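Below: the structure, in structure tokens.
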Amino acid sequence: MSLNQLLTLSGQVNDLLNASSILSWDARTMMPKGGSETRSKQLATLTVAARDLLCSDQMKHALDGAEKDVAGRDDEDPQARMVAQVREAITYHERIPAELLRRKTELGGIGHDLWAEAREKADFSIFAPALKDMVAISKEMAEAIGYEDHPYDALMYRFEPGTTTAELKSLFARLREGMLPLVRQIGEAQQPEAEFLYREFPVEAQMEFALKMAQRIGYDLHRGRLDTTVHPFEISFTRNDVRITTRVNPRWMPMSLFGALHEAGHAMYEQGADPAYVRTPLATDLVGLYAVSGVSFGAHESQSRLWENHVGRSRAFWQNHFADIQSAYPGTLDDVDAEAFYRAINRSRPSLIRVESDELTYDFHIMLRVELESRLVEGSLSVDDLPDAWNAAMKEYLGVDVPDDAQGVLQDVHWSSGQIGTFCNYTIGNIMAAQLFETAMAEQPGIRTALDQADYAPLREWLDDKVARHGRRFGRDELLQKATGRTLDPEPYIRHLTSKYSEIYGLAA
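So, in structure tokens, the structure goes:
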């Protein structure tokens with residue numbers, strides 16, 4: 009049966025991509041700096057090998073037969089979806105020369121270390137040559153993939169299929185309309201006290217507590233682990249081995265805690281996928297050549313942002329767990345109560361660093377990055393002018409002055425690996441998170457009661473049923489339609505932000 013052959017071959021593609029992911033995890037957590045050049049070649053070899061197997065005559069022959077095997081089945085049949093996704097991926101990759109993919113992957117391996125060095129020294133010029141090459145390669149890829157209106161659309165297809173630059177402009181405009189008045193009101197309001205978040209918090213204690221909270225919401229440590237890195241990430245090698253990282257600042261405890269909760273949300277998405285989909289196209293991004301179950305990067309981000317913000321930054325969470333954090337840092341927070349802590353971790357004020365920004369101002373960081381990326385790709389902005397453009401946009405969007413490149417244009421890891429076109433996923437994830445959370449509360453009021461009692465299983469089970477278990481079976485909007493009754497809708501997100509921050513700051517909603 010050709011379908012079985014197709015699944016065998018696509019499983020081998022998944023194996024190659026998981027091997028690549030393991031090398032990538034090691035490069036970002038354990039590998040000595042001297043290993044970057046050879047590691048980049050290893051990653052390129054595995055990526056190109058996966059692409060070559062995907063586009064091989066053997067795969068195409070199996071695909072032709074598999075399409076006959078599933079002919080007449082319901083459109084939502086999992087195996088029919090697997091077959092369709094292999095066809096889509098082959099069509100996509102045959103537009104991109106293998107040598108272009110190799111160059112991009114090799115540069116990504118080298119670029120990460122150059123970026124890390126540049127960030128450490130706060131010197132963009134160290135990373136600029138690699139970024140110029142990466143932008144040039146991205147332009148080549150956009151032309152190879154093809155697009156109707158904007159080259160950036162082609163690059164976003166890998167991360168958020170179907171999203172266009174024009175749609176993002178409209179979506180961002182609606183968010184600015186809904187959020188800017190609130191941001192301005194808060195700018196004139198008295199800020200909650202937050203000095204206690206900057207006290208001394210031992211690194212070892214931070215890691216222990218961050219992992220404890222990640223496990224508390226449902227991260228399965230039997231199939232995972234927590235490590236430190238420069239820029240937090242989650243990575244899976246099938247649902248049976250899903251690892252997370254965070255970073256630690258001994259004088260800023262929220263970084264490690266909420267980094268771990270965020271990445272645990274990603275991890276629980278992968279751990280919750282249907283076991284029957286392991287090593288199949290429904291647990292493999294064959295277009296992006298990633299071994300992930302998430303249907304899009306935005307859908308993946310919805311899970312991390314939901315657990316980090318709607319749960320981890322909620323009042324109920326800290327009413328239940330404030331005694332735990334006091335125990336984790338004996339004597340450090342004895343003069344603080346749960347309400348003060350809740351208000352402090354939700355304080356809203358413009359910040360330099362995206363991953364440390366509050367819910368309300370976070371998306372302005374994303375709008376800035378999307379605008380700059382699209383300009384780089386269309387050619388209206390040069391890499392040499394990027395730091396100045398970044399600093400000007402930060403001033404315009406958030407009213408802050410950027411003191412150096414490390415806290416500005418070098419703060420994100422994405423460009424070093426060639427992930428140009430992915431930043432929109434964060435805002436899409438925020439919108440999806442609010443939409444899913446609002447629906448869950450309306451459909452099953454008992455979930456709210458459970459959260460108030462520190463029981464996270466009902467919410468996790470709802471999300472597993474509506475999102476995680478499906479893997480890549482449904483497209484993003486299809487998944488949202490089934491889970492919430494409508495496609496991407498920013499209104500629940502705007503309602504969430506308005507309600508939460510109006511209450512915290514005593515504003516008229």
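Start counting the sequence shown at 9; every next residue gets the next number (the working numbering).
Even glycine gets a Cβ: it sits at the ideal position worked out from N, Cα and C.
Computed from a predicted model, the values in this text were never measured in an experiment.
Residue closest to residue i, alpha-carbon to alpha-carbon, out of the options
| i | options | result |
| --- | --- | --- |
| Val-410 | His-422, Tyr-227, Asp-396 and Trp-423 | Asp-396 |
| Gln-415 | Glu-196, Glu-128 and Tyr-501 | Glu-128 |
| Gly-186 | Glu-511, Pro-500, Tyr-513 and Ala-272 | Pro-500 |
| Glu-381 | Gly-483, Met-142, Asp-228 and Gly-320 | Met-142 |
| Asp-228 | Val-475, Pro-498 and Ala-465 | Ala-465 |
| His-478 | Gly-296, Leu-394, Tyr-285 and Leu-341 | Tyr-285 |
| Ile-194 | Ser-390, Asn-354, Val-303 and Arg-484 | Asn-354 |
| Cys-63 | Asp-34, Ile-436 and Gln-20 | Gln-20 |
| Pro-105 | Ile-134, His-69 and Arg-59 | Arg-59 |
| Gly-429 | Arg-377, Pro-40, Asp-497 and Asp-34 | Arg-377 |
| Ile-436 | Pro-189, Pro-453, Ala-336 and Glu-168 | Glu-168 |
| Leu-297 | His-101, Arg-95, Leu-115 and Met-149 | His-101 |
| Arg-233 | Ala-136, Pro-358, Pro-189 and Thr-37 | Thr-37 |
| Leu-290 | Thr-172, Ala-70 and Gln-87 | Gln-87 |
| Leu-179 | Gln-427, Asp-497, Lys-147 and Ser-507 | Asp-497 |
| Val-421 | Asp-392, Ser-133, Phe-241 and Asp-34 | Phe-241 |
| Leu-219 | Glu-271, Leu-389, Ile-30 and Lys-474 | Glu-271 |
| Asp-460 | His-373, Arg-321, Arg-357 and Ser-507 | Arg-321 |
| Lys-190 | Glu-367, Met-149, Lys-147 and Tyr-165 | Note on residue identity: the sequence assigns Leu, not Lys, to residue 190. Among Glu-367, Met-149, Lys-147 and Tyr-165, the Cα nearest to that of Leu-190 belongs to Glu-367. |
| Asp-392 | Trp-260, Asn-26 and Val-417 | Val-417 |
| Ser-356 | Ala-136, Tyr-509 and Lys-147 | Tyr-509 |
| Thr-99 | Lys-76, Asp-85, Gly-73 and Lys-68 | Lys-68 |
| Tyr-523 | Arg-351, Ser-390, Trp-470 and Phe-431 | This structure leaves residue 523 out entirely; the chain is present only between 9 and 517. |
| Lys-474 | Gly-42, Ile-502 and Phe-445 | Phe-445 |
Whether residue i touches residue j by CB criterion (8 angstroms)
| i | j | result |
| --- | --- | --- |
| Ala-491 | Leu-467 | no |
| Ile-243 | Ala-268 | no |
| Leu-139 | Trp-423 | yes |
| Asp-131 | Asp-413 | yes |
| Thr-292 | Ala-299 | yes |
| Thr-113 | Thr-55 | yes |
| Ser-32 | Leu-61 | no |
| Gln-214 | Ser-264 | yes |
| Val-344 | Phe-204 | yes |
| Arg-231 | Val-250 | yes |
| Asn-433 | Gly-306 | yes |
| Leu-294 | Ala-97 | yes |
| Ile-145 | Ser-48 | no |
| Ile-225 | Val-319 | yes |
| Thr-495 | Leu-505 | no |
| His-239 | Ser-425 | no |
| Ala-152 | Leu-108 | yes |
| Val-211 | Pro-262 | no |
| Met-276 | Ala-441 | no |
| Phe-245 | Ile-30 | yes |
Segment limits, alpha helix (DSSP H) that includes residue i
| i | result |
| --- | --- |
| Glu-148 | 132-153 |
| Ser-322 | Ser-322 -> no alpha helix (DSSP H), and no H or E assigned at all. |
| Asp-60 | 44-62 |
| Ile-439 | 432-451 |
| Ile-512 | 499-513 |
| Leu-376 | 367-386 |
| Asp-463 | That residue, Asp-463, is in no alpha helix (DSSP H); it is neither H nor E in DSSP. |
Buried versus exposed, by CB contacts within 10 Å (16 or more), residue i
| i | result |
| --- | --- |
| Asp-371 | buried |
| Tyr-206 | exposed |
| Arg-484 | buried |
| Glu-216 | exposed |
| Leu-188 | exposed |
| Gln-548 | Limits of the chain in this structure are 9 at one end and 517 at the other, which puts residue 548 out of reach. |
| Gly-273 | buried |
| Gly-302 | buried |
| Ala-450 | exposed |
| Arg-481 | buried |
| Glu-511 | exposed |
| Arg-103 | exposed |
| Glu-379 | buried |
| Thr-171 | buried |
| Asp-472 | buried |
Continuous beta strand (DSSP E) stretch holding residue i: start and end
| i | result |
| --- | --- |
| Ile-252 | 250-254 |
| Glu-347 | Not the beta strand (DSSP E): Glu-347 falls in the alpha helix (DSSP H), residues 346-353. |
| Glu-242 | 242-244 |
Below-8 angstroms beta-carbon distance, residue i vs any chain B residue
| i | result |
| --- | --- |
| Ser-64 | In the displayed structure, chain B is absent; only one protein chain is listed. |
Pairing CB atoms from the region 304-315 with CB atoms from the region 190-207, are three or more of them under 8 angstroms? no
Touch check for the region 119-127 and the region 344-363: three-plus C-beta pairs under 8 angstroms? Segment contact: the region 119-127 against the region 344-363, fewer than three CB-CB distances shorter than 8 angstroms; contact not assigned.
Cβ contact (3+ pairs, closer than 8 angstroms) linking the region 153-163 and the region 79-89: A contact is defined here as three or more CB-CB pairs under 8 angstroms, and the region 153-163 fails this definition with respect to the region 79-89.
Take every Cβ of the region 9-21, pair it with every Cβ of the region 88-95, and state whether three or more of those distances are shorter than 8 angstroms. yes
Would you be able to state if there are at least three C-beta pairs under 8 angstroms between the region 322-330 and the region 172-183? no
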